[in-house]
Structure formats: C-alpha cells, structure tokens
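Residue numbers (UniProt numbering): 1 to 151. Positions of the beta carbon are idealized from the N, C-alpha and C atoms, including for glycine. Please read the structure below before turning to the comments.
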Amino acid sequence: ICEEASQANDAELKKLENVSGSDLAGYDFVFIGSPLHSANLAAPVKEFLGRIQPGSGQKMAGFITHFAPAYPDQAMDGFTEPIKTACKENNIEYKGCFDCQGALTESLHEMVKKKQNFSDEQWEGMVKQMTGRPNEEDVAKAREFAREVLA
Numbered sequence: 001i002c003e004e005a006s007q008a009n010d011a012e013l014k015k016l017e018n019v020s021g022s023d024l025a026g027y028d029f030v031f032i033g034s035p036l037h038s039a040n041l042a043a044p045v046k047e048f049l050g051r052i053q054p055g056s057g058q059k060m061a062g063f064i065t066h067f068a069p070a071y072p073d074q075a076m077d078g079f080t081e082p083i084k085t086a087c088k089e090n091n092i093e094y095k096g097c098f099d100c101q102g103a104l105t106e107s108l109h110e111m112v113k114k115k116q117n118f119s120d121e122q123w124e125g126m127v128k129q130m131t132g133r134p135n136e137e138d139v140a141k142a143r144e145f146a147r148e149v150l151a
C-alpha cells in the first residue's frame with residue numbers, strides 16, 4: 001500500500017527499524033503504516049510513536065491493514081488513537097488514516113482462528129476473503145487517500 005501510494009509523489013520509503021524519532025524532522029509529511037495485531041497497532045509502531053520528536057509544521061497520516069473485512073468507524077478511531085496522540089503531543093498535524101483488508105501471514109492462521117473461535121467453515125470463508133488483499137481496488141483507494149491528504 002505504501003509503495004503504491006508513494007508512486008505519484010516525491011517520497012522516500014523507509015522501514016521503521018531504519019528510522020529514529022528524530023529523523024522525522026527533515027520531512028514535511030510522514031505516512032506511518034501498521035498491521036493490526038490483536039486490535040492494536042503493531043508493538044514496534046506504537047514504540048516508535050512514543051519516540052517521535054516535536055515537529056514544526058509537519059503533517060502525518062497513517063495506513064492500517066487488518067485481516068477482517070471491515071471495522072466500524074468507532075473501532076478505527078480507537079486503533080488510530082496512538083497516532084493521533086503522538087501527533088498532538090509533538091505539534092504534528094494529523095491528516096487521517098487509510099485502512100484496508102490485508103492477508104494475514106499464514107503462520108498466524110491457526111492462532112487467530114482459535115482466538116476468534118471460528119469454525120473450520122467460518123475460517124475458510126475468512127481466508128478466501130483476505131486472499132489477494134490488498135487488491136487493485138484497495139491500491140486505488142490508497143492512492144486517492146494519499147492525493148487527498150497531500151493536497
């Protein structure tokens with residue numbers, strides 16, 4: 001998603017482990033992405049958000065992938081709260097968050113199936129639904145989101 005959204009913009013893509021909280025100072029706009037893990041941003045993303053240094057006129061937007069087809073808006077508000085809080089605490093303008101379904105790493109399938117109490121049939125349906133995600137429609141929506149928040 002980040003690669004596709006960055007194609008029409010002058011962007012530098014970096015893995016989180018290669019960025020320190022102070023590195024953001026040289027950028028006007030930062031996108032930060034995360035999968036959802038147990039209804040939360042991934043732990044490394046949350047840790048990184050806690051290390052961000054105060055900005056001056058910077059903007060930030062998020063993007064999230066999740067194995068479920070969709071979440072209610074109020075749930076997404078909760079998922080994005082760590083990004084909003086980091087922005088507020090560091091004088092960074094929060095511009096929103098894009099989300100879409102992603103394919104769950106296969107090594108996590110059995111654990112998630114058990115945790116969610118899915119029957120074999122229910123899980124089969126979930127796997128079918130998430131296979132191939134993000135798809136072309138998701139990518140187009142990600143590009144549109146990037147265009148809107150960067151405008």
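Just the Cα atoms here: how many angstroms apart are residue i and residue j?
| i | j | result |
| --- | --- | --- |
| VAL112 | GLY132 | 18 Å |
| HIS109 | SER56 | 42 Å |
| ILE92 | GLN53 | 10 Å |
| SER107 | ASP138 | 24 Å |
| ALA75 | ALA142 | 20 Å |
| GLU144 | GLY78 | 23 Å |
| CYS87 | GLU3 | 23 Å |
| GLU120 | GLU136 | The sequence given here places Asp at residue 120; Glu does not occur at that position. In a straight line, the C-alpha of ASP120 is about 28 Å away from that of GLU136. |
| LYS14 | SER20 | 11 Å |
| GLU148 | VAL127 | 31 Å |
| LYS95 | GLU17 | 23 Å |
Under the rule that 16 or more other beta-carbon atoms within 10 Å means buried, what is residue i, buried or exposed?
| i | result |
| --- | --- |
| GLY33 | buried |
| ALA151 | exposed |
| LEU41 | buried |
| ALA43 | exposed |
| ASP73 | exposed |
| GLN7 | exposed |
| GLN122 | exposed |
CB-CB under 8 Å to residue i, same chain, minus the five flanking residues each way: which ones, in chain order?
| i | result |
| --- | --- |
| GLN129 | PRO69, GLN101 |
Which first and last residues belong to the alpha helix (DSSP H) in which residue i is found?
| i | result |
| --- | --- |
| GLY50 | 43-51 |
Span of the beta strand (DSSP E) holding residue i?
| i | result |
| --- | --- |
| SER34 | 29-37 |
| GLY55 | GLY55 -> no beta strand (DSSP E), and no H or E assigned at all. |
Whose C-beta lies closer than 6 Å to the C-beta of residue i among residues of the same chain, with five residues either side of it excluded?
| i | result |
| --- | --- |
| PRO82 | LEU41, LYS46, LEU49 |
| PHE67 | LEU104, MET130 |
| ASN90 | ILE52, PRO54, GLY55 |
| VAL30 | LEU24, MET60 |
Looking only at its own chain, which residues have a Cβ that is under 7 Å from the Cβ of residue i, when we skip the five neighbours before and after it?
| i | result |
| --- | --- |
| SER22 | GLN53 |
| THR80 | GLY62, CYS97 |
| SER38 | none |
Requested in this report: Note down, one range per segment and in chain order, each beta strand (DSSP E) of at least 3 residues found wholly within the stretch 77-138.
Outcome: Counting whole runs of 3 or more residues, the stretch 77-138 contains the beta strand (DSSP E) stretches 93-101.
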